[in-house]
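**Q** In this text, residue positions in the sequence shown follow full-length UniProt numbering: the first is 1, and each later residue adds one.
Have a look at this one before I ask anything.
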Amino acid sequence: MIDFRIEPELQAKLDWMDNFVRTKCEMIDLLYPGHGAPYDVGNTESRAYIKPLQDQVKAQGLWACHLGPELGGPGYGQLTLALMNEILGRSYWAPTIFGTAAPDTGNAEILAMFGTEEQKARFLKPLMAGEIVSTFSMTEPQAGADPTEFTCKAYRDGDAWVIEGEKWFSSNARFASFLIVMAVTNPENPPHGRMSMLIVPTDTPGIEFIRHSQTMGDSKGEDDGTHAYIRYNKVRVPLDAMLGGPGEGFKVAQARLGGGRVHHAMRTVGKCQRAIDMMLERAVSRRTKGKLLSEHQFVQGAIGQSVIELEQFRLLVLKTAWIIDNEPHGAARTHIAMCKVQMAKVYHDIVQRAIQIHGSLGVTLETPLADMWMGLPSLALADGPTEVHLAQVARAYLKNTKPAPGLFPSDHGPSRLAAYQNGVS
Ligand SMILES: Cc1cc2nc3c(=O)[nH]c(=O)nc-3n(C[C@H](O)[C@H](O)[C@H](O)COP(=O)(O)OP(=O)(O)OC[C@H]3O[C@@H](n4cnc5c(N)ncnc54)[C@H](O)[C@@H]3O)c2cc1C
Numbered sequence: 001m002i003d004f005r006i007e008p009e010l011q012a013k014l015d016w017m018d019n020f021v022r023t024k025c026e027m028i029d030l031l032y033p034g035h036g037a038p039y040d041v042g043n044t045e046s047r048a049y050i051k052p053l054q055d056q057v058k059a060q061g062l063w064a065c066h067l068g069p070e071l072g073g074p075g076y077g078q079l080t081l082a083l084m085n086e087i088l089g090r091s092y093w094a095p096t097i098f099g100t101a102a103p104d105t106g107n108a109e110i111l112a113m114f115g116t117e118e119q120k121a122r123f124l125k126p127l128m129a130g131e132i133v134s135t136f137s138m139t140e141p142q143a144g145a146d147p148t149e150f151t152c153k154a155y156r157d158g159d160a161w162v163i164e165g166e167k168w169f170s171s172n173a174r175f176a177s178f179l180i181v182m183a184v185t186n187p188e189n190p191p192h193g194r195m196s197m198l199i200v201p202t203d204t205p206g207i208e209f210i211r212h213s214q215t216m217g218d219s220k221g222e223d224d225g226t227h228a229y230i231r232y233n234k235v236r237v238p239l240d241a242m243l244g245g246p247g248e249g250f251k252v253a254q255a256r257l258g259g260g261r262v263h264h265a266m267r268t269v270g271k272c273q274r275a276i277d278m279m280l281e282r283a284v285s286r287r288t289k290g291k292l293l294s295e296h297q298f299v300q301g302a303i304g305q306s307v308i309e310l311e312q313f314r315l316l317v318l319k320t321a322w323i324i325d326n327e328p329h330g331a332a333r334t335h336i337a338m339c340k341v342q343m344a345k346v347y348h349d350i351v352q353r354a355i356q357i358h359g360s361l362g363v364t365l366e367t368p369l370a371d372m373w374m375g376l377p378s379l380a381l382a383d384g385p386t387e388v389h390l391a392q393v394a395r396a397y398l399k400n401t402k403p404a405p406g407l408f409p410s411d412h413g414p415s416r417l418a419a420y421q422n423g424v425s
């Protein structure tokens, strides 16, 4: 039943994407650099530049591939998306040019799944068209990995929800038309039923941007940070601003985070492949001690190790995608956690080796390697820290494990043999 071949029609699409990303999207990375650049819908110059490219993607039927046909996407399964996202992962701009940039993808998914018709018309439609961008506002300054510690609240006041509290690291809020805010609305409920999601237009009175934090790779210029620290000062939104029901915030968040994590993993495969491609080229181009780098065994070791690790990781991602496509909803949870953990490790090791093989050039800002390296710590944090997912994987396996029947493990040779000889097993 396992078949690694790709149908010719899909391969033709992948080939088109690969060529387009390398020749067009990677050029946009060079022309319009910066973490915030793909989200800056107010930059008329860059938007005008990418518009014809987005039109070409649409003409190929490859726009917003993560969504079903009812929402304007082609409705590919996750396995196909894994192959496509791997290609998009090479370029920082590519997801925007293909209508699949996070966090808008996740936000679009939850709007599609939980939104009312009015919410879809007002927020999802322009988001899908790439006309606006959005923000997911969940993490708080005092709590991130454990959402049960969140305190930002929303309470009913007449015909409005009133939001009070602070949110931290709300990515791209400075460019966003609306924020999806997770707030405590039902403090009397058990921890996972206390919060709800509210859709808040960014120009609603009371939204205060305390600052837009910069991360590694940003300049320290005031205008460069993209992760907003926001204070919600009694922000009023109408009652129909709720996405999902009261107390369903966790359910809605989970619906978007699983997909987000696995899509990051798919794109990370592509970034790692790009680093390996660079490593290979460098190894056969540079000489030292009278021979090519590729003829030195340490370099061969770095290359061999990288290729093997990426192949293992790629298979994990593909299997996870297959489970999402073929097993009941939620069955891929542990595998998604595995992908989340492993992507940061594999990416770290491969990018580090690629930098090393490039020598001093590797640490300059003149190749994509520096950007890759600076993005590394975020991979181990965004969408939940590595440790949380590692523990989740372990718990999933421990849950179904029984303790040893006696003093020694059930796989203890002498005990097994004795039991066998006594006719017990
Ligand atoms: C690039 C980037 C973009 C982001 N974008 C958004 C966004 O758009 N919207 C949003 O709401 N949030 C966003 N975040 C925030 C992200 O979700 C949080 O960083 C993440 O959930 C961790 O929370 P924290 O940073 O508060 O770390 P903390 O919760 O303080 O954790 C710090 C460290 O403590 C350890 N730790 C925490 N929990 C456990 C545990 N259970 N077991 C063992 N060790 C543990 C880990 O080492 C962890 O890294 C983004 C983060 C990054 C880096």
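Every residue, glycine too, gets a C-beta built ideally from N, C-alpha and C.
In the DSSP assignment, the beta strand (DSSP E) including W93 goes from what residue to what residue?
**A** Careful: W93 lies outside any beta strand (DSSP E) and carries neither H nor E.
**Q** Relative to the alpha-carbon of K13, which residue among L83, I2, G73 has its alpha-carbon at the smallest distance?
**A** For K13, the nearest C-alpha among the options comes from L83.
**Q** In the DSSP assignment, what are the bridge partners of I6?
**A** Answer by DSSP bridge pairing: none, since I6 is not bridged.
**Q** Is L361 helix, strand or coil when you go by DSSP?
**A** helix
**Q** Below 8 angstroms on the Cβ atoms is my contact criterion, and I expect A396 with T320 to pass it. Report the Cβ-Cβ distance as a whole number of Å.
**A** Not confirmed; about 13 angstroms, so no contact.
**Q** Just the C-alpha distance for M1 and Y232, rounded to the nearest angstrom, thanks.
**A** Rounded to whole angstroms, M1 to Y232 spans 53 angstroms at the Cα level.
**Q** Using the three-state DSSP reduction, which class does P38 fall into: helix, strand or coil?
**A** Looking at P38 - three-state DSSP - the assignment turns out to be helix.
**Q** Report the rounded CA-to-CA distance for M27 versus F98, giving the unit in angstroms.
**A** 15 angstroms
**Q** Should M138 be counted as a contact of ligand 1 given a C-beta to heavy atom distance under 7 angstroms?
**A** yes
**Q** Compute the Euclidean distance between the alpha carbons of F136 and L407, then round it to the nearest angstrom.
**A** 51 angstroms
**Q** Does V235 pass the burial test, meaning 16 or more other C-beta atoms within 10 Å, or should it be called exposed?
**A** buried
**Q** Considering only their Cβ atoms, is the gap separating A160 from P238 smaller than 8 angstroms?
**A** yes
**Q** Considering Cα atoms alone, identify which of N85, L67, L381 is closest to T139.
**A** L381
**Q** Less than 7 angstroms between the CB of residue 429 and some heavy atom of ligand 1, yes or no?
**A** One cannot answer for residue 429 here, as it falls past the ends of the chain, which runs 1 to 425.
**Q** Need the endpoints of the alpha helix (DSSP H) that L390 sits in, please.
**A** 386-398
**Q** Where DSSP assigns a beta bridge to S134, which residues make up the other side?
**A** F178
**Q** Touching or not, the segment 255-264 and the segment 102-116, by the rule of three or more beta carbon pairs under 8 angstroms?
**A** yes
**Q** When DSSP labels each residue in this structure, what does H212 get in the three-state scheme?
**A** strand
**Q** Could you give the C-beta distance for R90 and K271, rounded to a whole number, given that I count them as a contact under 8 angstroms?
**A** Going by Cβ atoms, the distance from R90 to K271 rounds to 7 angstroms, so yes, they are a contact pair.
**Q** For H358, which residues of its own chain have a beta-carbon under 6 angstroms away from its beta-carbon, when the five flanking residues on both sides are left out?
**A** R282
**Q** Could you tell me the boundaries of the beta strand (DSSP E) in which A154 lies?
**A** 153-157
**Q** Enumerated in chain order, which unbroken segments of the beta strand (DSSP E) with a length of 3 residues or greater are wholly contained in the segment 184-261?
**A** 195-201, 207-213, 227-238
**Q** I'd like to confirm the pairing. Which residues does DSSP put opposite I163 in its beta bridges?
**A** A154, V235
**Q** Pick helix, strand or coil for R47, following the three-state DSSP scheme.
**A** helix
**Q** For A404 and A394, what's the separation of their Cα atoms in angstroms?
**A** 18 angstroms
**Q** In angstroms with no decimal places, state the Cα-to-Cα distance between P187 and G158.
**A** 19 angstroms
**Q** Determine, using beta-carbon pairs with one atom in the segment 364-375 and one in the segment 285-298, whether at least three such pairs fall under 8 angstroms.
**A** no
**Q** In this structure, how does DSSP classify S415 when only helix, strand and coil are distinguished?
**A** helix
**Q** Is any heavy atom in ligand 1 found nearer than 7 angstroms to the beta carbon of H227?
**A** yes
**Q** Could you check the C-alpha separation between S177 and S410 for me, to the nearest Å?
**A** 59 angstroms
**Q** Provide the residue(s) that pair with L292 in DSSP beta bridges, ordered along the chain.
**A** L292 is bridged to R287.
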